[in-house]
Structures are given as C-alpha cells and as structure tokens.
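Here's the structure, in structure tokens; my notes come after.
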C-alpha cells in the first residue's frame, strides 16, 4: 500500500495509476479544502477525506487574490513591494498547509487508519509542508515529487544538493546557466535573500531535518528543460511524467486542422486559470492571430472578441496533447505552464510564450535559452526554422533516456518500498553542520596551526638573536 | 564504428562485446608495449597495432619494480619517502602513456586509418592520458571509463564534479564518508597535496581542457561500493560491468565443494599479480587456513607450503565468478581488487581482505565500512552473521537498478553516438575560472560595494557633524 498526499496532482496521478497497474494499493489523502482534487470521481485509488481546519471558501478567496495579484497587480509594483507581497502569500500558503496537516495528525481517526493501513511508502509534494511529519510518525519511507522551490532553497538546505550560484541559476531568478558578471552578482543576491527569508520562518532546522529524511526526491524536470547541474544519488529527474503519445482528434477538430493545408495550425491557450481577459486585450490578441497564415485553435471560455479572424476558432476545451502531437502543428502559444511545455517538448513543437504568473516566466526563459521558444512573437517561431529544429532536438533528448520518466518515477517509489527507504543513496552531508560542510573548522585549525608555528619560529629566532647578540655584547664589553 | 583505447581492459571488454552484439564495428588500438592485451587471440573486434616508442621489456621491468615497491618496500618506508617514490612511478607511467600516444598521433599511417574509419565515438580510460587528444583531432565524441584518479583530482578539476572534502573522502585516502574532525583535517590535506602535485605536471590546464570535453564519464563504481556523493548529469555509475551469473563448476571442483558439507567453502586468492610468496608467509597462511572447518580453494601458482591442512586444496586457476555464485560459498579471502570485490557483491558473499597494493586498501576500507568485510580475520566473517546479511543487502542494492551496469554503459556510449556527444549534459562550470566558480569575484565586488557605502556614510556623517559643530561653535562664539 502506498499513501499519497499533496497538491501538484496532475503529475502525481500518472505515477499512482502506474503503481496500481503494478498491483499496489493506493490511498490518497484529500483535504476538504482542496480545489483540484475530486474525491467523488470514480477511481482506482482509495480516497480518504481529511478535514482541513480552513474552509474551501477561504481557500478559493486566497486563490483568486493570488491570481489577481500575479496577473494584474504585479506589473505595477516595485521589486521590494512585490517581494513583500509574495512572502505574505507564501505565509498564507503555509497556513493552509498546516490547516490540512491538522486534519491528518490531529485527527485520531485518520491517524488510526493510517497506522492500521501498514503503508509501505508516502509520496508527497513538499510544496504543501507536513508530509515529512506524517512519514516520520508512521515510520515509513518518504518519496518527494518536486517541481522546485524558490531559489532551490529546500533542495539545497534540506536535500543537501550542491548548487554553486556561479552556474546554477536560482529557480525563479529568470537567469540561465550562462551568466555574465552582473548576472552572477544578481543570482548570488537572489540566493542570499531567499535563504535569509526562509531561514526566518518558524523553526527551519527541525522542519529541514525532517525533509532531509526523504529517501528519494523525484524532480519533475530533466536536462531537456533544465540546465545541467550537480545532483545527488537520491535525486531522480523525471520531467514529463504525464506525457503520452497523441490519440486521434475528435472529428470536428480534425476537419478544422486539415483545412489549414500546408500552412498548418497554431495552438493557443493561456491555461485553465485564465478564463477571461479584458475586451481590449482580447481584441488585440485576436487581431494579431488574424494576421498569420495558419489556422488557430484558441482555447478560451470568455466571449469571442470582435476582431476575431476567419482563421481562428475558439474552443471551450481542446485535446491539447493530441493536438501537440499532430503533424500539422507548427507552434504552441502558451502561458508557459510546465505541464504544457513538457507536452510540447515531448512532441517537438516550438513555442511562443505569453507568461502570466508563478513559474511561467521562469519556464519560458528556459525554453528561450534552449532555442525553442520566443516570448510574445508568433511569426518568428513559425518562419525561423531553427526553432523547429531545436524543438525536435529537445524532443529527441527527452525521449533518449534508458527509462521513461514515468517508469523511472515508479521504479524509485517501488525501490523505496523494497529497500525500506534508500539510506545508501543519502550523502553524509546531512549529518554535518554548515561550518563542517564548508570545512571552516578545518580551515580555522590549519590557520591556527600555521600561525602558531610562525609565532614559535619568530620567538625562537628572536630568542637566538638576543642570545647571540647578548653574548657578542658581553664579549665586546669584556 | 567505435574506437577503443586504454588499459583497464577487463572492464572495457564486456562493453565492447555488447556493442558488437548491437551491430557496431569496434576497433581496438593495442600498443606494442601492452602487457594485458593480446591482439593475436581470435576476437570480434578489429585490433590495430600501435608502435609504442618504448619497448615491452622496459614496460615489464617497470611493472616488476612497481609490484616490488608496493608489496615489499612500502611497509618499511616513511610517508614522505613513500609519497616521493609513488610520484616517481606516476611520472614513469605518464612517460609510457605518452610513448603509446606517440604511436598514434605521430604515425601518419595510424592517423590516416583512424580518419578514414569514420568512427562515431572514442572509448578510453583516462589512466592512460592521450585519448582526449585523439578524440579532439578526429572531432568525435569521447566517452571515459574511469575507476577513479588519486583524490578524484581529474574528476574534480577536469570533469567539474563537486567533491566537498567534508564528506567525500579522497580516493586512496583510506577514509570513509563518516569522518571525525581529525579525519576531515587529513582528508583536506590529502586533497590539497594531491592538487598541488598534479597541478605541477606539465601543462594541466590544456590537458584538463581536453579532458573536460569528454561527453560521458562512465564511473566504474556505484553506491553499493562507494559512498554517496554529488555527481553531474554526464557522470554515469556503472560499477560491476563485468559481473555475470554463475555457471556450473567443472566436475572435480564441484566434487571438492560438495565434500565441504554444511560448513561450506572459502575461496582464497591474492589476484593474478601475486604468483609467489615467501616460504615463511606461505606456511603462516596455510596453517591459519588449516584451522577453519570450511574447505578452502586456494588459487596459487607457487610451491605448496608444508603446513597445508587437509581442508585446503591449491589450484593453478579457479573459476572465481562461478565459485562466488555457488550456494556453499561462505567467504571470499581476497587481496581486494575491485573486479573481485564486485563479483562478491554481485553474489552476496562476505569478504576477508588481505590488501597488497594499489587501490586494494582503498577498496577494502569501503567494504569494511559497509559491514561486508573484515581485514585479516577469516573466522569473524564466517561466524558473525551480520557480514553475510550485509553482503546480501549490498547484493540487492547492486541488482536493484533500472538498468544493469553493462546495459547502462552501452546505453550512454550509443547515446553519445546518436547525439554526436552529450553537450546538453555538460554543466556550464567548464566555462568558468576557479574564482568565478567560487563566486570570489562576486564576493569581492559586494565587499567593495559595502565598504564604499560604509566609507561614504562615515564621511557624510563626519562632514555633517563638523558642519553642525562648526555652526554651534560659531553660535557660541557669537
């Protein structure tokens, strides 16, 4: 049996499905205030409802506030103001997480069920803290599924993965791995500020200690998406875990796609959060899309803009993955969510990025650096062949692995079950203090030693010198 | 086609065999002064003889000297003397490598053949330097097969893999990953001395630059043998590449093994280098072996000692892997060569170590730390159950991988062929200077900035103060 808990549900689900295929029993803890998990839909998992100490209305209000802040407020803010607001939201998120956690560890009923369940492993996303504590109480291995944390703070401090700021750009810093001097200064400050802030929340040491016990960290990225960096034996890179081959399109969509002829199609979506945009913005986008020779499939649930061209069709819902895998697809206009980007990588489709919020700018900067995306310029991506070539290259990098990300994820979860954790993959760095890790105690000792030797040498010399001179003086005075 | 060159032949061969199975053509460069490669034996590889500028007699004499030094001289030497002698041998080894290299790059005929061969990749062991240059001249991807280099110097400096001396014991330092303060001091010094010495040989920068271009580093160890440590995306751990299931034993050996009853057997070998030991040592070993209840198979080509017990049988040659995989095997008495150790790990057999020279003490310290070997004490390993349990645990760790080491090695070699190298796995650290890597330029800048601000602030304050006081004084004097 296997215990699931967490938020980034889309990436967890294929893993759990595959584990059920392999004969595992899976229990999913669903907080009552969850916005994305639906415990009533028929499923092969056992859902266990957990009473959050906060209501779903509060959660919804927060989510709305967060979106409004990210999309509309942020651009009018200064850096410091933005940062403070962001950290406030971070604190609210922590409150929600602790609210969900209360529903688990403070509920005798739930804890009793979990203890009796004899679970083999706990799978969790550390974006919602708390799973560490549950795994620790139950005494079972913990496997993380991680996208990233701000500036890789938790991966570095709790997971002990080395990340020299000279060539590992902090997550969300909007930098690539090729940094000039000023970018390295900025990256260094970015790490430092983040570390300073996060070391101030509660008691990071003990939380970090618990996080550091995680047996396997499944990192939802790979070297097709991310920049190569040092890793540890228990960090497994499984980006694109949810990707799958394209299925045939529904008849009406296939007909529209085929009508595009040699020009092909463009897929346009701003993700599931953006249901409405202002009339002004809608008209602007629509008239821009009207100018390209491709047919455009626009996923949008708001009202059709007036300037909509004959080449553009609005859909309430599109089979995004099947469209991305269609041979007629020329470009993917995206807000830059990591799931959509991975589907484009999987199928080798170049991208146009219109980043809105959260990790979207970060993601699109990666794609731009790898030469498969431009930001806000659709014609370039279609007419400049290098983007398609690079997209095909990334796609081949994505597929050219000994194991698919899904198989790799499942392998390491089952590994943690078979071996009751993964202690032999854990570096000893976890047992060191920060000054021991950086050998500062060794430095201090060697420096003291050298200084002592120099001191003794000088003293001895001066002593000898005085003796000699003393004798000489005596001799002279005789 | 694929080009092989190098010395650690036993581990290269299974890789090349498997590549030939997969339809690749393999050419092996054999130096005329090679002691271990036999280009005349029938094989599925194409052997290309390379005229070393040094004769095989010189090579043999050096090897003998090296063995004599390692086994007989070393124990009577002080640390400094030993170190100097070792470095002298290192320099001679380099001379041999350059002698072999001459036979390749300075021979028009060989270079012509290599250029016309249209090879896809060069596979090499960096213990014999030179392959980097050949790959660079031919403009083809380079895949390394590496056991380790002293203190991981080349992996760290040329491969850019991070190795904090606080928890990564330098190779050959005889330390584990659990170090107390004094051991960390020693490890730190060990790294420093090694780095100082190796940075002095020739022009390390340009050699390192060439080595840094290696696309894939196949490291012949894994977390069953080694301590977990940071790695890089292009470092693949393939320890145990030569291991395979046991085949049935020859009839006479099987009969002797079965005669051991429940007590089981002990396998005793000091490797293929030790053909003779002194009569005194032989008698000592034989009488010790006579005292255990197990039957002993002793691989030895010298004269049978007088004190040989009835339970011990001397063999000129033993099917070591098949014996290690036999259910009656209780312990493996070994000199601690890494190939034999990996076969014992593969089959889950506890070990008794009698380290002789080279990396043998290093290897056995790893096995001791993992609880599967003792050094010089056969009864403990057989009677204390923890050794067998730990051996079985290591064996399960060894087998519990998504891919076998051989398949993994072959995968990444073919990967380098398919993708014309592996540039997307290469960290940007290769492009940085050492002070950039450690952010020292950033530190210096930020420090200067802070000092300037403090300086201006103090100046401003003192200026204001003087103004104020000046006015006050004036006011007073009015």
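Chains as they are written, first to last, in the working numbering: chain Z, 55 to 532; chain S, 55 to 532.
Think of the CB as a built atom: it goes at the ideal place given N, C-alpha and C, for glycine as much as any other residue.
From a predicted model like this one, the values you see are computed outputs, not experimental measurements.
Pairing residue 456 of chain S with residue 465 of chain Z, the inter-Cα distance amounts to about 7 Å. With a contact defined as Cβ atoms closer than 8 Å, residue 220 of chain S and residue 493 of chain Z qualify at about 5 Å.
Per DSSP, reduced to three states, the secondary structure at residue 85 of chain S is strand. For residue 282 of chain Z, the chain S residues whose Cβ falls inside 8 Å of its Cβ are 286, 287, 288, 478, 479, 480, 481, 482, in order along the chain. A direct Cα-Cα distance of roughly 7 Å separates residue 120 of chain Z from residue 143 of chain Z. Cβ neighbours of residue 451 of chain Z within its own chain (closer than 6 Å, five residues either side excluded): 278. The beta-carbon of residue 348 of chain Z is placed no less than 8 Å from the nearest beta-carbon of chain S.
The beta carbon of residue 326 of chain Z does not come within 8 Å of any beta carbon belonging to chain S, so the residue lies off that interface.
Nearest in C-alpha terms to residue 158 of chain S, of all of S:112, S:103, S:196, is S:103. Chain order gives the chain S residues near residue 495 of chain Z as 235, 238, where near means a beta carbon separation below 8 Å. For residue 322 of chain Z, no alpha helix (DSSP H) segment is defined; the enclosing uninterrupted segment is the beta strand (DSSP E) at 319 to 323. For residue 376 of chain S, the closest alpha carbon among the candidates S:80, S:478, S:307, S:249 is that of S:307. For residue 472 of chain S, the chain Z residues whose Cβ falls inside 7 Å of its Cβ are 454, in order along the chain. Bounds of the beta strand (DSSP E) holding residue 388 of chain Z are 383 to 388. Each residue's CA atom was taken as its position, placing residue 130 of chain S and residue 228 of chain S some 19 Å apart.
Judged by their CB atoms, residue 445 of chain S and residue 496 of chain S are not nearer to each other than the 8 Å cut-off. Under the DSSP assignment, residue 354 of chain S falls outside any alpha helix (DSSP H); it carries neither an H nor an E label.
Look at residue 99 of chain S: its C-beta is not under 8 Å from any C-beta on chain Z. Of the candidates S:408, S:473, S:521, S:463, the residue whose Cα lies closest to the Cα of residue 174 of chain S is S:473. Distance from the CA of residue 292 of chain Z to the CA of residue 185 of chain S, rounded to the nearest whole angstrom, comes to 33 Å. Just so you know, the alpha carbons of residue 366 of chain Z and residue 141 of chain Z end up roughly 40 Å apart. Residue range 100 to 104 is occupied by the beta strand (DSSP E) that includes residue 103 of chain S. By the Cβ neighbour-count rule, residue 512 of chain Z is exposed, with fewer than 16 other Cβ atoms within 10 Å of its own. A direct Cα-to-Cα measurement between residue 252 of chain S and residue 148 of chain S gives close to 12 Å. Of all residues in the region 216 to 233 of chain Z, those with a C-beta nearer than 9 Å to a C-beta of chain S are 216, 218, 219, 220, 221, 222, 230, 231, 232, 233, reading in chain order.
Distance from the CA atom of residue 364 of chain Z to the CA atom of residue 344 of chain Z, rounded to whole angstroms, is 7 Å. Nearest neighbour of residue 67 of chain Z by Cα position, chosen from Z:470, Z:409, Z:393, turns out to be Z:393. Assignment of beta-bridge partners to residue 407 of chain S by DSSP yields S:388, S:429. Scanning the region 135 to 214 of chain S for uninterrupted beta strand (DSSP E) segments of 3 residues or longer gives 175 to 178, 196 to 200, listed from N- to C-terminal end. Residues of chain Z with a Cβ closer than 7 Å to the Cβ of residue 114 of chain S do not exist; the shortest Cβ-Cβ separation is about 41 Å. The C-alpha of residue 430 of chain S is placed about 12 Å away from the C-alpha of residue 419 of chain S. Residue pairing by DSSP places residue 491 of chain Z in no beta bridge whatsoever. The C-alpha of residue 415 of chain S is placed about 15 Å away from the C-alpha of residue 425 of chain S. Straight across, the Cα-Cα distance linking residue 400 of chain Z with residue 177 of chain Z is about 25 Å. Under the Cβ criterion of 8 Å, residue 462 of chain Z is counted among the residues facing chain S. Between the alpha carbons of residue 386 of chain S and residue 127 of chain S lies a gap of roughly 27 Å.
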